[in-house]
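Colleague:
Protein chains in written order, with the numbering used here: chain A, 4 to 526; chain B, 220 to 427.
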């Protein structure tokens, strides 16, 4: 079974400050978000806590509470550098190290290490984790290490104790996770107080609540912690490092360039340079944007996003090629002959590539023994290629909404490939007896006029489908009548109509427009 | 407990006639016209694939931009919309292209391409032979929905299984039009053409 370890660095920024100021040890100390007097306290040490300083307090209030409080702050770049140094150090202890900040756990800084197979090198995983902890302690960093089976289980274990532990089996990890006190997860004090009033003190207590409305009642942090603790998307729920500033490379053409292949070769060269720039900063490419300036008219722009931040030139070039070819084809007006050769899209004078970098995240699935036959990572890559080839907006997620009109009962929301693959799992219902499914048209189709009286031989979809035989309805939907007299109200009568050929159509009569429309049909 | 599929004229197991395990490694066409039940049949397959996601793999639906299944009905069938990868493309050739990309990844156990309502000349069939090979290689099911009568030819000769889904009241009757069976690791005995199976469905809210 795959083992992984979580190295939790409690109050990392404060630990950096204490290492810089050895005189602060044993004194009350706090880390604040910035140097304003109104800035909030983010982390406090035990001494400060004993003197009444709490997380979330304003700096001015904390000083009033504890006049000899040592206060400091650090720019995010310095914290990021320390995280990088720690990750580098941890690479000496495991071949794979992930850096992520669990959502809903305040300012937790944690690392996940692949621990499988290490017991043969170190005697046991317990010896390995003790040695790892000692190594970091010598470098001035106090950490908790827990070896477990799941990301969140190991993280919760590391949060629950201060030291090291090894879970012998998944059941013990589960038990420990359930008993983990909520106070350890750095939820806002107000949220903790509200939960404690309800007797909710551990993760197990929190999971007894319904997920519905949790965010609204207790805030996004509690909802995020709930999602993590419930085991949804253990691999993807951890937030990756934020992307960095864009890098740019450009080439000017003199004379103007029109050949598609040569443009792509220039693109390859620019991409190589961009990746070199990113590698120098130990970053990976998150998003690639291009701009092609024609001799006349506005620039041709587009973007590609790999499924995960990467520096793989082959993969990026394939995405860029797909996107560029599709855009050049569209700009040129489509294929000209049966060999699908695109028309020239004009002559271009400038080609710019911009890359947004981000921290390279070790792909979560790699921790579990490499690619499986049904590898979700490959699904994300395939979706990224489809987006590059056919454009953004094609990949959507459906969301059910409250609404009266059929079209307002759902929403198609464009999403990123990675999110598409990592959707939340829901409980399945109605499996023993499925429901007939209606097809709904994106635009209701106007139907021929219907003469009065029933049965009236209304040929709704032409003679081959036969006349309407039965009507079921109406189901009236009226809305917008509360608007001003000039505002447009809506009043529709919905029917299911059965045609002689057997089709069941879903139609409505728009009472405002006095017209019939086909909304969909039952298939 | 009622059986989801009732046996018709065929002697084969009714339960396995329209189940995902039967479609693994195949290019399948589900067609229908008039009182058709193609969308409902395909959606029941999606629900089954999602229930067995750990074993089957991911599920994707490649729809056109003209029409879509009504999402609340899909939810009532047992489909989890958060886990359904949905692509909406305007041209049938693009739909086939996207399905090819999905199949190439090998991560998908079921891909449904909804070509109902597409022009008769479409899709560009050049990519279909590749798709058929990919379904075999990855043991995935590619289900193409078309709108035609049972007598009309399949949308491509490489279709391994074709079924006609028609609605009779609140039952959907599935008739095997073509089944080539499978050899090798995916060995499967073909069902004779004309085999018929019925399944009860709930009607959409308001229709009775």
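Cβ atoms here follow ideal geometry from the backbone N, Cα and C, with glycine treated the same way. Computed from a prediction, not measured in an experiment: that's the story for all the values here.
1) Quick one: is the Cβ of residue 379 of chain B within less than 7 Å of any heavy atom of the ligand SAH?
2) In the structure shown, what three-state DSSP assignment does residue 40 of chain A receive?
3) Measuring CB to CB, does residue 185 of chain A end up less than 8 Å from residue 203 of chain A?
4) Does DSSP put residue 523 of chain A in a helix, a strand or coil?
5) How many angstroms separate the CA atom of residue 36 of chain A from the CA atom of residue 22 of chain A?
6) Measure from the C-beta of residue 413 of chain B to each C-beta in chain A and report whether the shortest distance is under 8 Å.
7) Does the stretch 62-79 of chain A come close enough to the stretch 109-118 of chain A that 3 or more CB-CB pairs lie under 8 Å?
8) Contact criterion: CB-CB distance below 8 Å. Does residue 438 of chain A meet it with respect to chain B?
9) Along chain B, which residues have their Cβ under 9 Å away from the Cβ of residue 409 of chain A?
10) So within the stretch 337-382 of chain B, which uninterrupted beta strand (DSSP E) runs reach at least 3 residues, ignoring any that extend past its ends?
11) My parser needs the alpha helix (DSSP H) runs of 4 or more residues fully inside the stretch 71-100 of chain A; what are they?
12) Buried or exposed, going by whether 16 or more other CB atoms sit within 10 Å of the CB of residue 221 of chain B?
13) On the CB-based measure, 16 or more other CB atoms within 10 Å of its CB, does residue 380 of chain A come out buried or exposed?
14) What is the C-beta distance between residue 364 of chain B and residue 331 of chain B, in whole angstroms, given that I count them as a contact (C-beta under 8 Å)?
15) Just list the residues that DSSP pairs residue 288 of chain B with in beta bridges.
16) Pick from A:277, A:69 and A:410: whose alpha carbon is nearest that of residue 290 of chain A?
17) Could you tell me which residues DSSP puts in a beta bridge with residue 418 of chain B?
18) Report the rounded CA-to-CA distance for residue 265 of chain B versus residue 411 of chain A, giving the unit in angstroms.
19) Measuring CB to CB, does residue 464 of chain A end up less than 8 Å from residue 502 of chain A?
20) DSSP state of residue 24 of chain A, grouped into three classes?
21) Return the chain-ordered ranges of every beta strand (DSSP E) run that is complete within the stretch 144-169 of chain A and spans a minimum of 3 residues.
22) Would DSSP call residue 468 of chain A helix, strand or coil?
23) Write down the C-beta distance between residue 532 of chain A and residue 521 of chain A rounded to the nearest angstrom, noting that I regard them as a contact closer than 8 Å.
24) Could you check the C-alpha separation between residue 382 of chain B and residue 253 of chain B for me, to the nearest Å?
25) Strictly below 8 Å CB to CB, what residues from chain B border residue 379 of chain A?
26) Residues in the same chain with beta-carbon distance under 7 Å from residue 469 of chain A, minus the five sequence neighbours each way, listed in chain order, please.
27) Considering only the alpha carbon of each residue, which of A:495, A:525, A:170 and A:515 lies closest to residue 509 of chain A?
28) Hey, could you find the ends of the beta strand (DSSP E) residue 201 of chain A is sitting in?
29) Taking 8 Å as the threshold (beta carbon to beta carbon), is residue 294 of chain B in contact with chain C?
30) Tell me whether the beta-carbon of residue 125 of chain A lies closer than 8 Å to the beta-carbon of residue 152 of chain A.
31) Are the C-beta atoms of residue 442 of chain A and some chain B residue less than 8 Å apart?
32) I'd like to know whether the C-beta of residue 419 of chain B is nearer than 8 Å to at least one C-beta of chain A.
33) Please check if any C-beta of chain B sits within less than 8 Å of the C-beta of residue 445 of chain A.
34) So, under 8 Å CB-CB, residue 265 of chain A and residue 321 of chain A are touching, yes? Tell me the CB distance rounded to an integer number of Å.
35) Hey, residue 44 of chain A and residue 59 of chain A are a contact pair by Cβ (cut 8 Å); roughly how many whole angstroms apart?
Modeller: Per the coordinate set shown:
1) With respect to the ligand SAH, the structure shown offers nothing to examine, as it has no ligands at all.
2) Position 37 of the first chain, counted from the start, is the residue given in the question as residue 40 of chain A. In the structure shown, residue 40 of chain A sits in coil (DSSP, three-state: anything other than H, G, I, E or B).
3) Counting from one through the first chain, the residue named residue 185 of chain A turns up at place 182. Counting from one through the first chain, the residue named residue 203 of chain A turns up at place 200. Yes, the pair counts as a contact, with Cβ atoms nearer than the cut-off.
4) In the first chain, residue 523 of chain A corresponds to position 520, counting from 1. Strand, per DSSP.
5) The sequence position of residue 36 of chain A within the first chain is 33, counting from 1. The sequence position of residue 22 of chain A within the first chain is 19, counting from 1. Using only the alpha carbons, I get a separation of about 18 Å.
6) By one-based count along the second chain, residue 413 of chain B stands at place 194. Taking Cβ atoms only, chain A never reaches closer than 8 Å to residue 413 of chain B, which makes this a no.
7) no
8) For the purposes of this step, residue 438 of chain A is taken as residue 435 along the first chain, with counting starting at 1. Chain B, which has a Cβ nearer than 8 Å to the Cβ of residue 438 of chain A, makes this yes.
9) For the purposes of this step, residue 409 of chain A is taken as the residue at position 406 of the first chain. In chain order: 289 and 291.
10) 360-366
11) 79-93
12) In the second chain, counting from the first residue as 1, residue 221 of chain B sits at position 2. Here the model assigns residue 221 of chain B a pLDDT of 38, short of 50, so the residue's position is not dependable, and the following value carries that caveat. With fewer than 16 other Cβ atoms within 10 Å, it is exposed.
13) To locate residue 380 of chain A, count along the first chain from 1; it is residue 377. Buried, by the Cβ-count rule.
14) Mapped onto the second chain, residue 364 of chain B falls at position 145. Mapped onto the second chain, residue 331 of chain B falls at position 112. Between residue 331 of chain B and residue 364 of chain B the Cβ distance is about 7 Å, and since that is below 8 Å, they are a contact.
15) Taking the second chain and counting its residues from 1, one reaches residue 288 of chain B at position 69. According to DSSP, residue 288 of chain B bridges with A:442.
16) If you number the first chain from 1, residue 290 of chain A lands on position 287. Measuring from the Cα of residue 290 of chain A, the nearest candidate turns out to be A:277.
17) Counting from 1 along the second chain, the entry for residue 418 of chain B is found at position 199. Note: residue 418 of chain B sits in a beta bridge opposite B:391.
18) In the second chain, residue 265 of chain B corresponds to position 46, counting from 1. In the first chain, residue 411 of chain A corresponds to position 408, counting from 1. In a straight line, the C-alpha of residue 265 of chain B is about 24 Å away from that of residue 411 of chain A.
19) For the purposes of this step, residue 464 of chain A is taken as the residue at position 461 of the first chain. For the purposes of this step, residue 502 of chain A is taken as the residue at position 499 of the first chain. Yes, the pair counts as a contact, with Cβ atoms nearer than the cut-off.
20) Against the first chain, residue 24 of chain A aligns to sequence position 21. Note: residue 24 of chain A maps to coil in three-state DSSP.
21) 147-151 and 167-169
22) In the first chain, the residue the question calls residue 468 of chain A occupies position 465. Of the three classes helix, strand and coil, the one that applies to residue 468 of chain A here is helix, per DSSP.
23) With chain A covering only 4 through 526, there is no way to say anything about residue 532 of chain A.
24) The count along the second chain starts at 1 and reaches residue 382 of chain B at position 163. The count along the second chain starts at 1 and reaches residue 253 of chain B at position 34. Their Cα atoms are separated by approximately 15 Å.
25) Here residue 379 of chain A corresponds to residue number 376 of the first chain, with the count starting at 1. Those are 277 and 326, listed as they occur along chain B.
26) Here residue 469 of chain A refers to the residue found at position 466 when the first chain is read from its first residue. Cβ neighbours of residue 469 of chain A beyond the five flanking positions: 502, 503 and 504.
27) For the purposes of this step, residue 509 of chain A is identified with residue 506 of the first chain, where counting begins at 1. Cα-wise, what sits closest to residue 509 of chain A is A:525.
28) For the purposes of this step, residue 201 of chain A is taken as the residue at position 198 of the first chain. Segment: none, residue 201 of chain A is in no beta strand (DSSP E) and carries neither H nor E.
29) Going by chain labels, chain C is absent from the structure shown, which instead holds the protein chains A and B.
30) Taking the first residue of the first chain as 1, we reach residue 125 of chain A at position 122. Taking the first residue of the first chain as 1, we reach residue 152 of chain A at position 149. No, these two residues do not count as a Cβ contact at 8 Å.
31) As a working note, residue 442 of chain A is residue 439 in the first chain. For residue 442 of chain A, the answer is yes, since a Cβ of chain B falls inside 8 Å of its Cβ.
32) Here residue 419 of chain B is taken as the residue at index 200 of the second chain, counted from 1. Taking Cβ atoms only, chain A reaches closer than 8 Å to residue 419 of chain B, which makes this a yes.
33) Position 442 of the first chain, counting from 1, holds the residue named residue 445 of chain A. It does; some Cβ of chain B falls within 8 Å.
34) Mapped onto the first chain, residue 265 of chain A falls at position 262. Mapped onto the first chain, residue 321 of chain A falls at position 318. Not a contact, Cβ separation roughly 18 Å.
35) Against the first chain, residue 44 of chain A aligns to sequence position 41. Against the first chain, residue 59 of chain A aligns to sequence position 56. About 7 Å separates the two Cβ atoms, so the contact holds.
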